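Be aware that the sequence shown starts at 160, since it is given in this note's numbering, and climbs by one per residue.
Note that CB positions come from ideal geometry on N, CA and C, so glycine has one too.
Source: prediction; values computed, not measured.
Before any comments, here is the structure.
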Amino acid sequence: MTKLRLFGIVILFLAALSGLSEHLFYGGVDPNGVLQESFFLPLTFIFTAIGVVVLVASLFQSRRD
């Protein structure tokens, strides 16, 4: 397993943790009708995008070698 692939897996794990944190602690509507969101939701999408790009890059790198 290359360092690049391991980095992609770690980033996807962080995305999963961010999504879980968003789901457990935020992401609801309060009694006043205001949507409660945190920075974890966009962080989940950012980490997921970076992780997928890094994993795809590691696949192309391993085929080239």
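Tell me whether the beta-carbon of residue i lies closer than 9 Å to the beta-carbon of residue j.
i	j	result
Thr203	Gly167	no
Gly210	Ser197	no
Only counting the same chain, and skipping five residues up and downstream in sequence, which positions put a Cβ closer than 7 Å to that of residue i?
i	result
Ser217	Thr161, Leu163, Arg164 and Gly167
Phe199	Ser177, Ser180, Glu181 and Tyr185
Among residues of its own chain, excluding the 5 on either side of residue i, which ones have a beta-carbon nearer than 8 Å to its beta-carbon?
i	result
Phe206	Ile170, Leu171, Leu173, Ala174 and Ser177
Can you give me the Cβ contacts of residue i inside the same chain, cut-off strictly under 6 Å, excluding the 5 residues immediately before and after it?
i	result
Pro190	none
Which residues does DSSP pair with residue i in a beta bridge?
i	result
His188	Looking at the sequence provided, one finds Val at residue 188 rather than His. Note: Val188 sits in a beta bridge opposite Leu194.
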